[in-house]
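J.:
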Amino acid sequence: MPFGLPAELIALAFFLAGVVLVIASVETFIEAVAESALSIGLSGFFLTVVLAGTDLENAILGLAAVADGLPDLALGTVFGEALFVLGAAVGLAGVLTPFETSVPRSYLLLVLLAPSLLFALAFDGTLSRVDGAFLTVAFLPLLGAVYALERNRGTRYLSAEEVEEALEGGSETDDDEPSGGDSFRERYEGWYQLGVALVATVGMTVGSELAVTGARDLLSVLGVTGLVFGATVMSFVASLEELFLTVEPARQGRPHLGVGNVVGSVLFFVTANVGVLALFGPIDTSGTVMTVHWPFFLVALLAVAAVFVRGRVGRPEGFALLGLYAAYWGVNYLL
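Under the UniProt record's numbering, the first residue of the sequence shown carries the number 1, and numbering increases by one thereafter.
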């Protein structure tokens, strides 16, 4: 035992440090990309779906798990993060700051139909590399559909300026910075952002390896399966930022920002996220995947869609969604 510390404590430290490093690196990467994306005049809602909903940290942690021979851990994070976004994030937003929102029915229909391809391919008990290719490619037309819907709307669902404010987190520029520094930054902005993105990529790689190494050791200590650990502990820690992406916009009176995150997350989780994982090797989708994870996911998805159709997420709905997420944890550890 290095430094005289228990093995489980060291494993937990590795796991938490890795997840934190991945999250911080992903946020830095997205901000670097967003600065250029916002300047080309894309729809704000489309950018929210892509930048907030495309959960890169989940995919990176999942890929590291698959590479280390833990595909069930990777699959667990997909279902776990999806349930966290739908149950915990939307539920907590409703409890803390009840909000009203008018979500276009076309987006709700898109989100409800998106999981059908994954379910059909997973029904035989295995996601093959060919299945993974289909799912990965399927993400692109879904993004194209969101983009087309936004272009055809008379009024955009979300303005680009609101996305920019959300991504910046309300931070203000430092007016006291010397003008020479601003001039240098402006002159080499493209190279600067490229450098930031590359450094963030290194952070994602190192963090994912730390997290999976710690997770593997924790699995042996706790005596639970990778699927259960990924669906609960790992996805919970990796998804904490989803609370801020959903709760904070609702508190500020801009719940449509959170809606964009929910829409983008679901579309990404059920296509490209799990698809890329399957490209690296077959993934078992039998057993509790069909009897526990799929039912909970579909119930949560239908519940969120129903409250969005009503146009109001209040405390009763919020507590119900939080209860559903708590039940998901309970069932995972009881079975």
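Even for Gly, the Cβ is constructed at its ideal location relative to N, Cα and C.
Note that this is a predicted model, so its numbers are computed, not measured.
Looking at the structure shown, is Phe-99 part of a helix, part of a strand, or coil, going by DSSP?
T.: Walking along the sequence shown from the start, residue 99 turns up at place 99. Looking at Phe-99 - three-state DSSP - the assignment turns out to be strand.
J.: Spell out a yes or no on whether the region 140 to 152 and the region 303 to 314 are touching, meaning 3 or more CB-CB pairs, one atom from each, closer than 8 Å.
T.: With the cut-off at 8 Å, the region 140 to 152 and the region 303 to 314 do not touch.
J.: Would you mind giving the Cβ-Cβ distance between Phe-297 and Ala-138, rounded to the nearest angstrom? I have them listed as a contact below 8 Å.
T.: For the purposes of this step, residue 297 is taken as residue 297 along the sequence shown, with counting starting at 1. For the purposes of this step, residue 138 is taken as residue 138 along the sequence shown, with counting starting at 1. Contact doesn't hold; Cβ gap of about 17 Å is too wide.
J.: On the criterion of 16 or more Cβ atoms from any shown chain inside 10 Å, does Glu-57 qualify as buried, or is it exposed?
T.: The residue labelled residue 57 in the question sits at position 57 within the sequence shown. Classification of Glu-57: buried, given that the 10 Å Cβ count is 16 or more.
J.: In the DSSP assignment, find the alpha helix (DSSP H) that holds Asn-261 and state where it starts and stops.
T.: Taking the first residue of the sequence shown as position 1, residue 261 is located at position 261. 255 to 268 is the extent of the alpha helix (DSSP H) around Asn-261.
J.: Could you tell me the distance, in whole angstroms, from the CA atom of Leu-322 to the CA atom of Gly-87?
T.: Numbered from 1 along the sequence shown, position 322 holds the residue referred to as residue 322. Numbered from 1 along the sequence shown, position 87 holds the residue referred to as residue 87. Computed Cα separation, rounded: 5 Å.
J.: Using only the alpha-carbon positions, how far apart do Pro-71 and Ala-93 sit?
T.: What you label residue 71 is simply residue 71 of the sequence shown in a count that begins at 1. What you label residue 93 is simply residue 93 of the sequence shown in a count that begins at 1. Between Pro-71 and Ala-93, the C-alpha separation is close to 32 Å.
J.: Within this structure, are the beta carbons of Ser-286 and Gly-125 separated by less than 8 Å?
T.: Translated into the one-based positions of the sequence shown, residue 286 becomes position 286. Translated into the one-based positions of the sequence shown, residue 125 becomes position 125. Yes, the pair counts as a contact, with Cβ atoms nearer than the cut-off.
J.: Looking at the secondary structure, which residues open and close the alpha helix (DSSP H) in which Ala-303 lies?
T.: Taking the sequence shown and counting its residues from 1, one reaches residue 303 at position 303. Counting along the chain, the alpha helix (DSSP H) containing Ala-303 begins and ends at 294 to 310.
J.: What do you get for Val-202, buried or exposed, if any count of 16 or more other CB atoms within 10 angstroms of its CB means buried?
T.: Position 202 of the sequence shown holds residue 202. Counting Cβ neighbours within 10 Å, Val-202 comes out exposed, since fewer than 16 surround it.
J.: So, is Leu-324 buried or exposed, given that buried needs 16 or more other C-beta atoms within 10 angstroms?
T.: Here residue 324 refers to the residue found at position 324 of the sequence shown. Result: buried.
J.: My understanding is that Ala-211 touches Ala-7, with C-beta atoms under 8 Å, so please give their C-beta distance in whole angstroms.
T.: Here the question's residue 211 lines up with position 211 in the sequence shown. Here the question's residue 7 lines up with position 7 in the sequence shown. Not a contact, Cβ separation roughly 17 Å.
J.: Assuming the contact rule is C-beta atoms closer than 8 Å, Met-234 and Leu-112 should be a hit. Round their C-beta distance to whole Å, please.
T.: Reading the sequence shown from its first residue, position 234 is the one you call residue 234. Reading the sequence shown from its first residue, position 112 is the one you call residue 112. Actually they are not in contact, since the Cβ atoms of Met-234 and Leu-112 sit about 27 Å apart, beyond 8 Å.
J.: Of the residues Val-313, Ala-326, Thr-77, Leu-140, which one's Cα is nearest the Cα of Leu-277?
T.: Within the sequence shown, residue 277 is the residue found at index 277, counting from 1. For the residues Val-313, Ala-326, Thr-77, Leu-140, the minimum Cα distance to Leu-277 belongs to Thr-77.
J.: Taking the alpha-carbon positions, what's the Val-50 to Gly-223 distance?
T.: By 1-based counting over the sequence shown, the position of residue 50 is 50. By 1-based counting over the sequence shown, the position of residue 223 is 223. Computed Cα separation, rounded: 37 Å.
J.: Could you give the distance in angstroms between the alpha-carbon of Pro-255 and the alpha-carbon of Pro-249?
T.: The count along the sequence shown starts at 1 and reaches residue 255 at position 255. The count along the sequence shown starts at 1 and reaches residue 249 at position 249. When rounded, the distance between both Cα atoms is 5 Å.
J.: Which residue from Ala-67, Leu-61, Ile-10, Asp-55 puts its Cα closest to that of Phe-280?
T.: Locating residue 280 in the sequence shown gives position 280, counting from the first residue. The candidate whose alpha carbon is nearest that of Phe-280 is Ala-67.
J.: Here's a check: name, in chain order, each residue in its chain whose Cβ is nearer than 7 Å to the Cβ of Phe-268, leaving out the five neighbours to either side.
T.: One-based indexing of the sequence shown puts residue 268 at position 268. Result list for Phe-268: Gly-53, Thr-54, Asp-55, Phe-139, in chain order.
J.: Consider the C-beta atom of Thr-126 and the heavy atoms of the ligand GDP; say whether any pair is separated by less than 7 Å.
T.: Questions concerning the ligand GDP fall outside what the structure shown contains, since it holds no ligand whatsoever.
J.: Apart from the five residues just before and just after residue 384, which ones in its own chain have a Cβ nearer than 6 Å to its Cβ?
T.: Limits of the chain in this structure are 1 at one end and 335 at the other, which puts residue 384 out of reach.
J.: Rounding to the nearest angstrom, what Cα-Cα distance links Ala-272 and Glu-317 in this structure?
T.: Along the sequence shown, read from residue 1 onward, the residue named residue 272 stands at position 272. Along the sequence shown, read from residue 1 onward, the residue named residue 317 stands at position 317. For Ala-272 and Glu-317, the distance between alpha carbons rounds to 30 Å.
J.: Thinking C-beta only, is Leu-218 closer than 8 Å to residue 345?
T.: Any property of residue 345 remains undetermined from this structure, which presents the chain solely from 1 to 335.
J.: When you compare each of Ile-10, Glu-242, Gly-207 to Phe-84 by their alpha carbons, which one comes out closest?
T.: Here residue 84 corresponds to residue number 84 of the sequence shown, with the count starting at 1. Closest option to Phe-84, Cα to Cα, is Glu-242.
J.: Report yes if the CB atom of Ser-25 is closer than 8 Å to the CB atom of Gly-207, and no otherwise.
T.: On the sequence shown, position 25 is the one that residue 25 refers to. On the sequence shown, position 207 is the one that residue 207 refers to. Cβ distance < 8 Å, so Ser-25 and Gly-207 count as in contact.
J.: Name the two residues that bound the continuous alpha helix (DSSP H) containing Ala-114.
T.: Counting from one through the sequence shown, the residue named residue 114 turns up at place 114. Where Ala-114 is concerned, there is no enclosing alpha helix (DSSP H), given that its DSSP letter is neither H nor E.
J.: Given this structure, state the Cα-to-Cα distance separating Val-259 from Leu-334, to the nearest angstrom.
T.: In the sequence shown, residue 259 corresponds to position 259, counting from 1. In the sequence shown, residue 334 corresponds to position 334, counting from 1. Answer to the nearest angstrom: the Cα atoms are 32 Å apart.
J.: Per DSSP, Val-228 is paired with what?
T.: Counting from one through the sequence shown, the residue named residue 228 turns up at place 228. DSSP, once it has assigned bridges, lists no residue as partnering Val-228.
J.: Can you list, in chain order, the residues of its chain whose CB lies under 8 Å from that of Ala-145, leaving out five sequence neighbours each side?
T.: If you number the sequence shown from 1, residue 145 lands on position 145. Closer than 8 Å at the Cβ level, and outside the excluded window around Ala-145, lie Leu-110.
J.: Should Ala-114 be labelled buried (16 or more other beta-carbon atoms within 10 Å of its own) or exposed?
T.: Counting from one through the sequence shown, the residue named residue 114 turns up at place 114. With 16 or more Cβ atoms within 10 Å of its Cβ, Ala-114 is classed as buried.
J.: Nearest-angstrom Cα distance between Ala-326 and Leu-245?
T.: Reading the sequence shown from its first residue, position 326 is the one you call residue 326. Reading the sequence shown from its first residue, position 245 is the one you call residue 245. One C-alpha to the other measures close to 20 Å.
J.: Grouping DSSP H, G and I as helix and E and B as strand, with all else coil, what is Leu-127?
T.: Mapped onto the sequence shown, residue 127 falls at position 127. Reduced to three states, the DSSP call for Leu-127 is strand.
J.: List the whole-angstrom C-beta distance separating Ser-102 from Gly-314, where the pair is believed to meet the contact cut-off of C-beta under 8 Å.
T.: For this step, residue 102 is matched to residue 102 along the sequence shown. For this step, residue 314 is matched to residue 314 along the sequence shown. Not really, about 15 Å apart at Cβ, beyond 8 Å.
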